[in-house]
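Novice: This is the structure I want to talk about, given as structure tokens.
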Amino acid sequence: MGVSEPLLTADGVTKLYPGGRVGCRDVSFNLYPGEVLGIVGESGSGKSTLLNCLSAKMEPTAGSISFNTRTSGLTDIFQLSEPERRLLMRTDWGIVHQNPRDGLRMGVSAGGNVGERLMAIGARHYGNIRQEALDWLTRVEIAEDRIDDRPRDFSGGMQQRLQIARILVSNPRLVFMDEPTGGLDVSVQARLLDLLRGLVRSLGLAAVVVTHDLAVVRLLADRLMVMKDGEVVESGLTDQVLDDPHHPYTQLLVSAVLQV
Amino acid sequence: MSKTQKDATAGSAAAAYNFAYLDEQTKRMIRRVLLKAVAIPGYQVPFGGREMPLPYGWGTGGIQVTASILGQNDTLKVIDQGADDTTNAVNIRRFFAVTANVRTTEETAEADIIQTRHRIPEEPLREDQILVYQVPNPEPLRKLEPRVVESRKMHAYAEYGLMQVKLYEDISRFGDISVTYDYPVLTNGRYVMAPSPIPKFDNPKMHDMPALQLFGAGREKRIYAIPPYTSVKSLDFDDYPFRPQEWEDVCGLCGADDSFLDEVILDDKGGHMFVCSDSDYCGKRRAAGHVGPMADDAAEAGYGSE
Numbered sequence: 000m001g002v003s004e005p006l007l008t009a010d011g012v013t014k015l016y017p018g019g020r021v022g023c024r025d026v027s028f029n030l031y032p033g034e035v036l037g038i039v040g041e042s043g044s045g046k047s048t049l050l051n052c053l054s055a056k057m058e059p060t061a062g063s064i065s066f067n068t069r070t071s072g073l074t075d076i077f078q079l080s081e082p083e084r085r086l087l088m089r090t091d092w093g094i095v096h097q098n099p100r101d102g103l104r105m106g107v108s109a110g111g112n113v114g115e116r117l118m119a120i121g122a123r124h125y126g127n128i129r130q131e132a133l134d135w136l137t138r139v140e141i142a143e144d145r146i147d148d149r150p151r152d153f154s155g156g157m158q159q160r161l162q163i164a165r166i167l168v169s170n171p172r173l174v175f176m177d178e179p180t181g182g183l184d185v186s187v188q189a190r191l192l193d194l195l196r197g198l199v200r201s202l203g204l205a206a207v208v209v210t211h212d213l214a215v216v217r218l219l220a221d222r223l224m225v226m227k228d229g230e231v232v233e234s235g236l237t238d239q240v241l242d243d244p245h246h247p248y249t250q251l252l253v254s255a256v257l258q259v
Numbered sequence: 000m001s002k003t004q005k006d007a008t009a010g011s012a013a014a015a016y017n018f019a020y021l022d023e024q025t026k027r028m029i030r031r032v033l034l035k036a037v038a039i040p041g042y043q044v045p046f047g048g049r050e051m052p053l054p055y056g057w058g059t060g061g062i063q064v065t066a067s068i069l070g071q072n073d074t075l076k077v078i079d080q081g082a083d084d085t086t087n088a089v090n091i092r093r094f095f096a097v098t099a100n101v102r103t104t105e106e107t108a109e110a111d112i113i114q115t116r117h118r119i120p121e122e123p124l125r126e127d128q129i130l131v132y133q134v135p136n137p138e139p140l141r142k143l144e145p146r147v148v149e150s151r152k153m154h155a156y157a158e159y160g161l162m163q164v165k166l167y168e169d170i171s172r173f174g175d176i177s178v179t180y181d182y183p184v185l186t187n188g189r190y191v192m193a194p195s196p197i198p199k200f201d202n203p204k205m206h207d208m209p210a211l212q213l214f215g216a217g218r219e220k221r222i223y224a225i226p227p228y229t230s231v232k233s234l235d236f237d238d239y240p241f242r243p244q245e246w247e248d249v250c251g252l253c254g255a256d257d258s259f260l261d262e263v264i265l266d267d268k269g270g271h272m273f274v275c276s277d278s279d280y281c282g283k284r285r286a287a288g289h290v291g292p293m294a295d296d297a298a299e300a301g302y303g304s305e
């Protein structure tokens with residue numbers, strides 16, 4: 000991964016809600032292939048709004064978001080036609096939701112969940128789809144004999160890992176994660192983080208991770224943006240921001256973490 | 000019995016109705032919808048479905064389509080589960096005999112329009128015939144994607160991965176695709192379509208059929224169509240190809256081994272027989288001298304005699 004074109008570019012992204020309330024204001028950054036960007040901030044700081052804009056779920060009021068598509072280079076994702084954007088979302092992108100219920104089909108078996116993206120892009124060989132699903136279940140540490148069980152019978156941690164397998168099966172280049180460890184107990188969190196870190200590094204994935212948990216970004220993110228009231232107040236290398244916070248809010252955030 | 004008949008009371012009652020029950024404006028509206036449906040094979044076109052004098056689920060969609068295309072010189076056949084003599088078929092046939100005073104028939108070859116519930120006649124249809132299906136659920140994605148807006152987008156962008164997931168689930172749970180009726184098809188290589196609850200045995204007949212096929216869903220107010228000679232492919236996997244139903248038995252009455260068979264329970268000791276679900280086909284074969292293994296027993300017991 001030498002110096003290359005950015006994979007995702009945000010330029011002055013602003014989202015205003017009706018009544019002029021600010022979702023996020025004037026956020027700009029470049030994300031390069033294989034890089035993990037962490038976005039932290041307290042609830043209400045606009046980090047979820049920003050993620051929704053970045054992942055094309057919500058159109059920003061101003062500013063542009065461009066993605067380096069495989070065919071035509073850096074392209075404004077909101078200039079793409081809807082079918083093109085939807086294709087992008089289920090092939091080159093993946094979103095790991097905080098609540099697995101938003102990212103999984105709870106009534107469909109684990110194998111079907113993982114296979115869906117393959118079938119969506121035209122895979123029509125049951126044996127191959129199943130093999131691929133088995134591979135991915137193994138990689139996210141789900142036992143092979145659970146392939147025909149439904150996610151609603153899985154534990155929270157397993158559901159979260161299944162969500163990840165479901166996305167990664169289509170070899171995405173960019174993954175959005177919204178509080179990937181939210182709602183899990185700490186030991187499960189640790190294993191999930193371990194897994195994520197391994198996958199991100201081995202697959203060379205670029206990722207945008209939104210969280211309020213500083214430990215998560217410390218482990219996963221190369222770079223960090225700190226948001227407050229819809230604006231980015233500080234950004235830089237993760238270690239640098241966390242070890243030497245400049246902005247008063249970042250200092251507060253870092254010092255607020257309980258030391259055990 | 001005579002296969003072609005006119006209802007004796009039809010002439011007098013017809014005067015009280017507009018021809019074929021629906022008013023002309025409604026028929027015109029439905030014809031416009033039909034034109035669009037034929038132009039985009041498999042695409043569900045919304046239409047202003049009318050209240051009909053029978054409950055939803057009894058064929059209101061099919062009847063409205065039939066009423067709109069029926070001409071004074073047409074001959075109508077109505078089947079329900081393949082048979083001409085079941086309640087639904089008899090009543091709809093009588094309905095049009097009364098309101099349109101058209102000739103009705105039980106013979107497939109003689110009919111210009113065949114309205115059907117849940118079967119395609121065994122006898123191959125011709126270019127000058129029209130098959131009208133009664134459809135309860137026109138949306139093949141309904142059970143997979145509850146959001147209507149989303150399912151319409153999936154059709155618009157041909158995102159049919161989810162349909163395949165359903166078939167995947169079947170194989171992983173039951174070892175094979177367990178859908179036996181209303182088996183989803185891909186029409187003209189573009190739209191995934193519900194073929195109405197016909198058995199999958201009939202799916203291959205839809206492919207390249209010389210007759211025009213029209214589908215009316217009254218409750219959901221959707222009409223769709225397959226023009227003559229259009230490709231209709233049943234969805235499947237490369238290593239789990241589509242297979243129609245097969246029977247080890249033959250029709251007990253006419254001995255047919257190529258038709259869709261219904262199982263009939265004869266007693267409470269496990270006695271049963273198979274008979275053709277297409278009553279016209281079975282009758283024709285018997286008239287032509289074909290005899291099934293149970294024809295004598297059945298005649299004795301009063302089954303199969305008309």
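The listed protein sequences correspond, in order, to chains E and W.
Quick note on numbering that gives the first Met the number 0: the first sequence kicks off at 0 and runs consecutively.
Quick note on numbering that gives the first Met the number 0: the second sequence kicks off at 0 and runs consecutively.
Note that beta-carbon positions come from the ideal geometry of N, C-alpha and C, so glycine has one too.
(1) Are at least three pairs of beta-carbons, each pair with one atom in the region 81-100 of chain E and one in the region 159-173 of chain E, less than 8 Å apart?
(2) For a cutoff of 8 Å on Cβ pairs, would you count E:Gly229 as touching chain W?
(3) Looking only at C-alpha atoms, which of E:Asn127, E:Val26 and E:Leu161 sits nearest to E:Ile38?
(4) Going along chain E in order, which residues have a C-beta closer than 7 Å to the C-beta of W:Tyr239?
(5) Measuring CB atoms only, is the region 74-83 of chain W touching the region 224-234 of chain W, in the sense that at least three cross pairs come out at less than 8 Å?
(6) What in chain W is Cβ-close to E:Val107, meaning under 8 Å?
(7) So W:Ser276 and W:Asp261 are in contact, right, with Cβ under 8 Å, and what is the actual spacing, rounded?
(8) For chain W, find out if any of its Cβ atoms is closer than 8 Å to the Cβ of E:Ile141; answer yes or no.
(9) Within the same chain, show all residues whose beta-carbon is closer than 8 Å to that of W:Asn202, passing over the 5 residues directly before and after it, in chain order.
(10) Can you give me the start and stop residues for the alpha helix (DSSP H) that W:Phe173 sits inside?
(11) Look at W:Leu34 and W:Ile129 and say whether their C-beta atoms are less than 8 Å apart.
(12) Name, please, each residue of chain W whose Cβ falls closer than 9 Å to the Cβ of E:Arg85.
(13) Quick check on DSSP: helix, strand or coil for W:Glu109?
(14) Any beta carbon from chain W within less than 8 Å of E:Asp147's own beta carbon?
(15) Can you tell me whether DSSP reads E:Ser169 as helix, strand or coil?
(16) So the alpha helix (DSSP H) E:Asp242 belongs to, where does it begin and stop?
(17) Output the distance between the C-alpha atoms of E:Ser186 and W:Tyr223, rounded to the nearest integer angstrom.
(18) Is DSSP giving W:Met272 helix, strand or coil here?
(19) Return the CA-CA distance between E:Ser254 and E:Asp148, expressed in angstroms with no decimal places.
(20) At the level of alpha carbons, what is the spacing between E:Tyr248 and E:Gly11?
(21) Run through chain E and tell me which residues come within less than 8 Å of W:Ser171, C-beta to C-beta.
(22) What does DSSP give as the partner residue(s) for W:Thr186 in the beta ladder?
(23) Leaving out the 5 sequence neighbours to the left and right, which residues in its chain are closer than 7 Å to W:Met28 when beta-carbon positions are compared?
(24) So within the region 211-260 of chain W, which uninterrupted beta strand (DSSP E) runs reach at least 3 residues, ignoring any that extend past its ends?
(25) What in chain E is Cβ-close to W:Leu140, meaning under 8 Å?
(26) Per DSSP, what kind of secondary structure is E:Leu30 in: helix, strand or coil?
(27) Hey, would you say the C-beta of W:Arg141 is under 7 Å away from at least one heavy atom of the ligand MN?
(28) In angstroms, rounded to a whole number, what distance separates the CA positions of E:Met226 and E:Gly22?
(29) Between the beta-carbon of E:Val95 and the beta-carbon of E:Pro17, is there less than 8 Å?
(30) Leaving aside the five residues before and after E:Gly102 along the sequence, list all residues of the same chain whose C-beta is less than 6 Å from its C-beta, in chain order.
(31) With 16 other CB atoms within 10 Å as the buried threshold, where does W:Tyr228 fall?
(32) Output yes or no for whether 8 Å exceeds the beta carbon distance between E:Leu53 and E:Ala9.
Specialist: Taking the coordinates as given:
(1) yes
(2) As a first step, residue 229 of chain E must be located in the first sequence, where it is residue number 230. Answer no: the Cβ-Cβ gap between E:Gly229 and chain W never drops below 8 Å.
(3) What you label residue 38 of chain E is simply residue 39 of the first sequence in a count that begins at 1. The candidate whose alpha carbon is nearest that of E:Ile38 is E:Val26.
(4) Here the question's residue 239 of chain W lines up with position 240 in the second sequence. Ordered by position in chain E, the residues that pass the 7 Å Cβ test against W:Tyr239 are Tyr125.
(5) no
(6) Here residue 107 of chain E is taken as the residue at index 108 of the first sequence, counted from 1. Neighbours of E:Val107 on chain W, chain order: Val164 and Glu168.
(7) The residue labelled residue 276 of chain W in the question sits at position 277 within the second sequence. The residue labelled residue 261 of chain W in the question sits at position 262 within the second sequence. The pair is a contact, with the Cβ atoms about 5 Å apart (cut-off 8 Å).
(8) In the first sequence, counting from the first residue as 1, residue 141 of chain E sits at position 142. So, not an interface residue.
(9) By 1-based counting over the second sequence, the position of residue 202 of chain W is 203. Closer than 8 Å at Cβ, skipping near neighbours: Tyr182, Val184, Pro194, Val231, Ser233, Phe241 and Pro243.
(10) Within the second sequence, the letter at position 174 stands for residue 173 of chain W. Note, W:Phe173: alpha helix (DSSP H), Gly160 to Phe173.
(11) Start at 1 with the first residue of the second sequence, and residue 34 of chain W comes out as number 35. Start at 1 with the first residue of the second sequence, and residue 129 of chain W comes out as number 130. No; because the gap between Cβ atoms is not below 8 Å, this pair is not in contact.
(12) If you number the first sequence from 1, residue 85 of chain E lands on position 86. Correct list: Lys152, Tyr156 and Glu158.
(13) One-based indexing of the second sequence puts residue 109 of chain W at position 110. Reduced to three states, the DSSP call for W:Glu109 is helix.
(14) Within the first sequence, the letter at position 148 stands for residue 147 of chain E. It does; some Cβ of chain W falls within 8 Å.
(15) Residue mapping note: residue 169 of chain E aligns to position 170 of the first sequence, counting from 1. Three-state result, E:Ser169: coil.
(16) In the first sequence, counting from the first residue as 1, residue 242 of chain E sits at position 243. Its alpha helix (DSSP H) spans residues Thr237 to Asp242.
(17) Along the first sequence, read from residue 1 onward, the residue named residue 186 of chain E stands at position 187. Along the second sequence, read from residue 1 onward, the residue named residue 223 of chain W stands at position 224. Each residue's Cα considered, the two are about 55 Å apart.
(18) One-based indexing of the second sequence puts residue 272 of chain W at position 273. Strand.
(19) Taking the first residue of the first sequence as position 1, residue 254 of chain E is located at position 255. Taking the first residue of the first sequence as position 1, residue 148 of chain E is located at position 149. Answer to the nearest angstrom: the Cα atoms are 43 Å apart.
(20) For the purposes of this step, residue 248 of chain E is taken as residue 249 along the first sequence, with counting starting at 1. For the purposes of this step, residue 11 of chain E is taken as residue 12 along the first sequence, with counting starting at 1. Computed Cα separation, rounded: 22 Å.
(21) Against the second sequence, residue 171 of chain W aligns to sequence position 172. In chain order: Ser108, Gly110, Gly111, Arg129, Ile146 and Asp147.
(22) On the second sequence, position 187 is the one that residue 186 of chain W refers to. Per DSSP, W:Tyr190 and W:Val231.
(23) Taking the first residue of the second sequence as 1, we reach residue 28 of chain W at position 29. Only Phe46 and Gly47 meet the Cβ criterion.
(24) 211-216, 221-225 and 231-233
(25) As a first step, residue 140 of chain W is located in the second sequence; it is residue number 141 there, counting from the start. Within chain E, no residue comes near W:Leu140; the closest Cβ sits about 13 Å away, beyond 8 Å.
(26) By 1-based counting over the first sequence, the position of residue 30 of chain E is 31. Three-state result, E:Leu30: strand.
(27) Here there are no bound small molecules, and the ligand MN is not part of this structure.
(28) What you label residue 226 of chain E is simply residue 227 of the first sequence in a count that begins at 1. What you label residue 22 of chain E is simply residue 23 of the first sequence in a count that begins at 1. Rounded to whole angstroms, E:Met226 to E:Gly22 spans 11 Å at the Cα level.
(29) For the purposes of this step, residue 95 of chain E is identified with residue 96 of the first sequence, where counting begins at 1. For the purposes of this step, residue 17 of chain E is identified with residue 18 of the first sequence, where counting begins at 1. No. Outside cutoff.
(30) Within the first sequence, numbered from 1, the residue matching residue 102 of chain E stands at position 103. Contacts found: His96 and Gln162.
(31) Working through the second sequence from its first residue, we reach residue 228 of chain W at position 229. Classification of W:Tyr228: exposed, given that the 10 Å Cβ count is below 16.
(32) Locating residue 53 of chain E in the first sequence gives position 54, counting from the first residue. Locating residue 9 of chain E in the first sequence gives position 10, counting from the first residue. Taking 8 Å as the Cβ cut-off, E:Leu53 and E:Ala9 qualify as a contacting pair.
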